[in-house]
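Enquirer: One structure follows; several queries about it will come next.
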Amino acid sequence: MEEAIGEYILRHIDEEGEYLHALYRDTNIKLLRPRMASGHLQGRLLKMLVRMIRPKNIVEIGTYSGYSALSMAEGLEEGSMIHTFEINDEQEDFTRPWIENSAYADKIQFYIGDALELVPQMNLAFEMAFVDGDKRKYTDYYDMLLPRLPHGGYIIADNTLWDGHVLENSRDRQTTGIQMFNEQVAADNRVEKVILPVRDGLTIIRKK
Numbered sequence: 094m095e096e097a098i099g100e101y102i103l104r105h106i107d108e109e110g111e112y113l114h115a116l117y118r119d120t121n122i123k124l125l126r127p128r129m130a131s132g133h134l135q136g137r138l139l140k141m142l143v144r145m146i147r148p149k150n151i152v153e154i155g156t157y158s159g160y161s162a163l164s165m166a167e168g169l170e171e172g173s174m175i176h177t178f179e180i181n182d183e184q185e186d187f188t189r190p191w192i193e194n195s196a197y198a199d200k201i202q203f204y205i206g207d208a209l210e211l212v213p214q215m216n217l218a219f220e221m222a223f224v225d226g227d228k229r230k231y232t233d234y235y236d237m238l239l240p241r242l243p244h245g246g247y248i249i250a251d252n253t254l255w256d257g258h259v260l261e262n263s264r265d266r267q268t269t270g271i272q273m274f275n276e277q278v279a280a281d282n283r284v285e286k287v288i289l290p291v292r293d294g295l296t297i298i299r300k301k
């Protein structure tokens with residue numbers, strides 16, 4: 094039933110487009126963890142959120158194959174920009190051509206390096222952040238991003254249900270990283286928050 098519902102949803106939402114479809118296929122063929130890519134449903138949701146929030150600048154932590162960055166870029170208004178950070182330098186040879194050969198290359202700045210180090214140095218102004226990096230560092234990302242976010246700005250965090258492992262007593266550092274992040278956000282009265290059970294969990298956080 095779950096698979097059938099998933100297929101039904103994809104038939105009744107906007108198509109992902111040929112370029113993103115080709116990227117997703119290439120991701121599955123050439124990369125070790127293709128499930129890390131956002132995919133059709135989440136990509137359309139990210140685009141819709143960008144349309145609704147209308148940010149001038151977005152910070153993305155965790156570029157991976159570029160699928161989420163390209164999806165968000167579709168929703169950007171003219172003159173707006175995504176600054177996307179990927180810590181794994183081995184990812185660059187795959188991802189950079191997909192970004193630079195896309196119709197949205199002028200809306201995406203792609204950086205290789207640790208966002209925790211680079212973002213503070215760059216003094217970026219942004220109204221929206223998409224967090225999909227190292228799960229062990231989600232609380233660090235949050236602590237870095239929230240003070241730099243204007244009132245009414247948004248943080249979107251991916252993988253916050255972590256295949257249901259958030260319900261477990263686990264010593265796995267990625268699981269505990271997500272659990273700590275979820276507890277931190279839940280207790281933070283500076284923000285409004287909701288977790289959507291989309292794919293692996295998507296938390297939408299709005300700074301009051």
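Position one of the sequence shown corresponds to residue 94 (the working numbering), numbered consecutively onward.
The beta carbon of each residue, even a glycine, is placed where N, CA and C say it ideally should be.
(1) Taking W191 as the reference, give the member of E96, I180, T156, L134 with the closest Cα.
(2) Is the beta carbon of I297 less than 9 Å from the beta carbon of K286?
(3) Between which two residues does the alpha helix (DSSP H) harbouring E276 extend?
(4) By DSSP, does T253 sit in helix, in strand, or in coil?
(5) In chain order, what residues of the same chain have a beta carbon less than 7 Å from the beta carbon of K123, not counting five sequence neighbours either side?
(6) Which residue's Cα is closest to the Cα of L209: A130, E276, L238, I102?
(7) For F203, list the residues DSSP reports as bridge partners.
(8) At which residues does the beta strand (DSSP E) containing A222 begin and terminate?
(9) CB-CB under 8 Å to A279, same chain, minus the five flanking residues each way: which ones, in chain order?
Expert: On the basis of the data shown:
(1) T156
(2) Contact: yes.
(3) 266-280
(4) coil
(5) F187
(6) L238
(7) T177
(8) 221-224
(9) K286
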